[in-house]
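Colleague:
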Amino acid sequence: MAEDRFPGWHGTTILAVRKGGRVVVAGDGQVSLGNTVIKGTAKKVRRLMPGGHPVVAGFAGSTADAFTLLERLEKKLETAPGQLARACVELAKDWRMDKYLRNLEAMLIVTDGRTLFVITGAGDVLEPEHDVAAIGSGGNFALAAARGLMETDFDAETVARKAMAIAADICVFTNGNLTVESING
2 MAEDRFPGWH GTTILAVRKG GRVVVAGDGQ VSLGNTVIKG TAKKVRRLMP GGHPVVAGFA
62 GSTADAFTLL ERLEKKLETA PGQLARACVE LAKDWRMDKY LRNLEAMLIV TDGRTLFVIT
122 GAGDVLEPEH DVAAIGSGGN FALAAARGLM ETDFDAETVA RKAMAIAADI CVFTNGNLTV
182 ESING
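Numbering-wise, the working numbering comes out as the position in the sequence shown, counting from 1, plus 1.
1. I believe L71 touches A88 by the beta-carbon criterion, under 8 Å. Please report the beta-carbon distance rounded to the nearest angstrom.
2. Just tell me which of G35, L117, G122 has its CA closest to the CA of A67.
3. For I39, count neighbouring Cβ atoms within 10 angstroms of its own Cβ and tell me buried if that reaches 16, exposed if not.
4. On the DSSP bridge list, what partners appear for M108?
5. Would you say the beta carbon of G30 comes nearer than 7 Å to a heavy atom of the ligand MG?
6. In chain order, what residues of the same chain have a beta carbon less than 8 Å from the beta carbon of G30, not counting five sequence neighbours either side?
7. Under a three-way DSSP split, which group does A86 fall into?
8. Consult DSSP for L179 and reduce its assignment to one of helix, strand or coil.
9. Give the secondary structure of A3 by DSSP, where H, G and I count as helix, E and B as strand, and everything else as coil.
10. Which two residues bound the contiguous alpha helix (DSSP H) that contains V160?
11. Between A17 and V133, is the Cβ-Cβ spacing less than 8 Å?
12. Using CA atoms only, rank isn't needed, just tell me which of G124, S33, D156 is closest to L102.
13. For L117, list the residues DSSP reports as bridge partners.
14. Identify the continuous beta strand (DSSP E) that holds R19 and give its terminal residues.
15. Three or more beta-carbon pairs under 8 Å between the stretch 155-169 and the stretch 138-146, yes or no?
16. Applying the criterion that 16 or more other CB atoms from any shown protein chain within 10 Å of the CB defines a buried residue, is G53 buried or exposed?
17. Answer with buried or exposed for P51, where buried requires no fewer than 16 other C-beta atoms within 10 angstroms of its C-beta.
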């Protein structure tokens, strides 16, 4: 990821939780350089409307690279409206095969409310188990917390917010300044 080219750059925890017919994607706002917080209010979760079909996406890694990938995803969705799985697979194929795209350093979590995917530059399009997905520096902390909270009566947004708070308490590269988007299934 960006840490390879820019040693010391850290940031981002993105978490998606699907529960009760709703998917919530939450992202923290912190970007750090070494032990210094460069920005605490970055928005790494976006609502897209390709072809009038809402999609929520969160990204980790290089911001410019992530925006390039999000633009490509939107184009794929415009040619295949309402077919998120197909668009994600096509994006992952391009990302893996295209000489320019292959160098992009980011990961995406995307959902249309029915399906939930993690897309990587290695050509992976993963539908997570347990209705929870996470990426980024604090992703594993948020994932573990959310999986534990899924067994409670909390709704998807509460699970996401509580899990992100736990990740922010543990991971020094994650803060509690959240951007939260939800979408119904």
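Think of the CB as a built atom: it goes at the ideal place given N, C-alpha and C, for glycine as much as any other residue.
Modeller: A quick look at the data gives this:
1. In fact, because the Cβ distance is near 12 Å, the residues do not count as touching under 8 Å.
2. G122
3. Answer is exposed; the Cβ neighbour count stays below 16.
4. A61
5. In the structure on display, the ligand MG does not appear, and there are no ligands present to speak of.
6. Hits under 8 Å: K40, G41, T42, A43, K44, K45, N176, N178, L179, T180.
7. helix
8. coil
9. Confidence at A3 is low in this model, with a pLDDT of 44, below 50, so the placement of that residue is unreliable and no value is reported for it.
10. 157-171
11. Going by C-beta atoms, A17 is nearer than 8 Å to V133.
12. G124
13. T112
14. 14-20
15. yes
16. Exposed.
17. buried
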